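What follows is one structure encoded as structure tokens, with my remarks underneath.
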Amino acid sequence: MRVHHRIDGAGAPLLLVNSLGTALELWEPQVVPLGFRHRLVRYDQRGHGGTPAPNGPYTIEALAGDAIELLDRLGLERVGVCGLSIGGAVAVWIAANAADRVDRLVVASAGPRFATPETWIERAAIVRAEGTEAVVDGIIERWFTPAFAAEHRDVVARFRTAFCAVSREGYAACCDALVEWDATPHLRRVLAPTLILSGSEDTVAPPGRGRELADGVGDARHVVLEDCAHLASANQPAAFADAVLVHLAGDAA
Numbered sequence: 000m001r002v003h004h005r006i007d008g009a010g011a012p013l014l015l016v017n018s019l020g021t022a023l024e025l026w027e028p029q030v031v032p033l034g035f036r037h038r039l040v041r042y043d044q045r046g047h048g049g050t051p052a053p054n055g056p057y058t059i060e061a062l063a064g065d066a067i068e069l070l071d072r073l074g075l076e077r078v079g080v081c082g083l084s085i086g087g088a089v090a091v092w093i094a095a096n097a098a099d100r101v102d103r104l105v106v107a108s109a110g111p112r113f114a115t116p117e118t119w120i121e122r123a124a125i126v127r128a129e130g131t132e133a134v135v136d137g138i139i140e141r142w143f144t145p146a147f148a149a150e151h152r153d154v155v156a157r158f159r160t161a162f163c164a165v166s167r168e169g170y171a172a173c174c175d176a177l178v179e180w181d182a183t184p185h186l187r188r189v190l191a192p193t194l195i196l197s198g199s200e201d202t203v204a205p206p207g208r209g210r211e212l213a214d215g216v217g218d219a220r221h222v223v224l225e226d227c228a229h230l231a232s233a234n235q236p237a238a239f240a241d242a243v244l245v246h247l248a249g250d251a252a
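Residues 0 to 252 in numbering that gives the first Met the number 0 are what the sequence shown lists, from first letter to last.
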């Protein structure tokens, strides 16, 4: 699967894996602070942004395979990996099943599972029938705190537009991937030093679920970002970038 991607910055490579319903512009606030020290590899998952949507269902393993194929195409043998929401699930799969490819790992706005299988089955059916516009209002409410949404209407509007542009099949088939996903059996195989980031106001993946991820990984630290809903990199862009940079620096920090 040849995914659409973009490279910014210079330094040690860092793969950035998007959340469900967003394109690679998700990471725009982090391009300058992270790109100062890292070569950022951003890409669009299946059916999002500039990447086509093959017929589903998809699996987290298949989505992770797209990322590994991109790394192979770019000649990147070992990278840092940072994923948010479903991107966090993809990042965990890569770190657990291709451990030799991952230097350090960041998982944001995630838990071992997301919602219930029934939730994803229902959402996939709605989107296949009516498009992403049918679910966008509820999604946006969970992505941003009320205060952020009131103060940054332009940012929220951009994310809303990008969400509605996601293909029906791409979004629904990613929902299919989350029906079966459970990170728990993968966590013990994650060898890379790991940072788990949770938003204090995240109702999709509350801090307690992030703590479960951290407890399941041998070498993990859990940080809660205050005044932050599910889309952590957008709600708290500076704090998010700072936490990632400190973690990627390791002992040098």
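The beta-carbon is built from N, C-alpha and C at its ideal position, and this holds for glycine as well. Only a predicted model underlies this, so the values are computations on that prediction, with no experimental measurement involved.
Exercise for the section: With DSSP as the reference, please indicate the residues paired to Arg220 in a beta bridge. Expected result: Bridge partners of Arg220 according to DSSP: Leu194.
Exercise for the section: Would you please verify whether the beta carbon of Cys163 is less than 7 Å from any beta carbon of chain B? Expected result: In the structure shown, chain B cannot be found, because there is only a single protein chain.
Problem - Check whether Leu23 and Gly46 have beta carbons under 7 Å apart - result: no
Problem - Three-state secondary structure (DSSP) of Asp136 - result: For Asp136, the secondary structure class from DSSP, reduced to helix, strand or coil, is helix.
Practice task
Compare the Cα-Cα distances from Ile6 to each of Gly130, Pro206, Ala133, Leu33 and report the closest residue.
Solution key: Leu33
Exercise for the section: Report all residues from its chain with a CB closer than 8 Å to the CB of Gly130; omit the five preceding and five following residues, and keep chain order. Expected result: Within its own chain, the residues whose Cβ lies closer than 8 Å to the Cβ of Gly130, once the five positions on either side in sequence are excluded, are Cys163, Arg167, listed in chain order.
Handout entry: Residue range of the alpha helix (DSSP H) that includes Cys173
Key = Per DSSP, the continuous alpha helix (DSSP H) segment holding Cys173 begins and ends at 167-179.
Practice task
Go to Asn112, then tell me how far its beta strand (DSSP E) extends in each direction, as first and last residue.
Solution key: The residue asked about is misnamed: residue 112 is Arg in this sequence, not Asn. Looking at the DSSP string, Arg112 is not in any beta strand (DSSP E), and its letter there is neither H nor E.
Exercise for the section: Give the straight-line distance between the Cα atoms of Leu83 and Val106, rounded to the nearest whole angstrom. Expected result: 6 Å
Problem - Enclosing beta strand (DSSP E) for Glu13 [first to last residue] - result: Note that residue 13 is Leu in the sequence shown here, rather than Glu. Looking at the DSSP string, the run of the beta strand (DSSP E) that includes Leu13 is 11-16.
Practice task
Alpha carbon to alpha carbon, how far is Val126 from Glu132? Give it in angstroms, no decimals.
Solution key: 8 Å
Practice task
Look at the Cβ atom of Ala63, then the Cβ atom of His185, and state whether they are nearer than 7 Å.
Solution key: no
Practice task
For the beta strand (DSSP E) holding Leu39, just list the boundary residues, first then last.
Solution key: 37-42
Exercise for the section: Quick one: grab the DSSP three-state call for Ala94. Expected result: helix
Practice task
With a threshold of 16 other CB atoms inside 10 Å of the CB of Asn54, please say whether the residue is buried or exposed.
Solution key: Exposed: under 16 other Cβ atoms inside 10 Å.
Exercise for the section: Go ahead and pull the three-state DSSP assignment for Val78. Expected result: Val78: strand per DSSP, three-state reduction.
Practice task
State the DSSP-derived secondary structure class of His47, mapped to helix, strand or coil.
Solution key: coil
Handout entry: the segment 175-194 in contact with the segment 223-232 per 3-pair CB rule at 8 Å
Key = no
Handout entry: Distance between beta carbons of Ile67 and Ala97, contact taken as under 8 Å
Key = 6 Å
Practice task
Note down the Cα distance separating Val80 from Ile93, rounded to an integer number of angstroms.
Solution key: 9 Å
Problem - Which of helix, strand or coil DSSP assigns to His246 - result: helix
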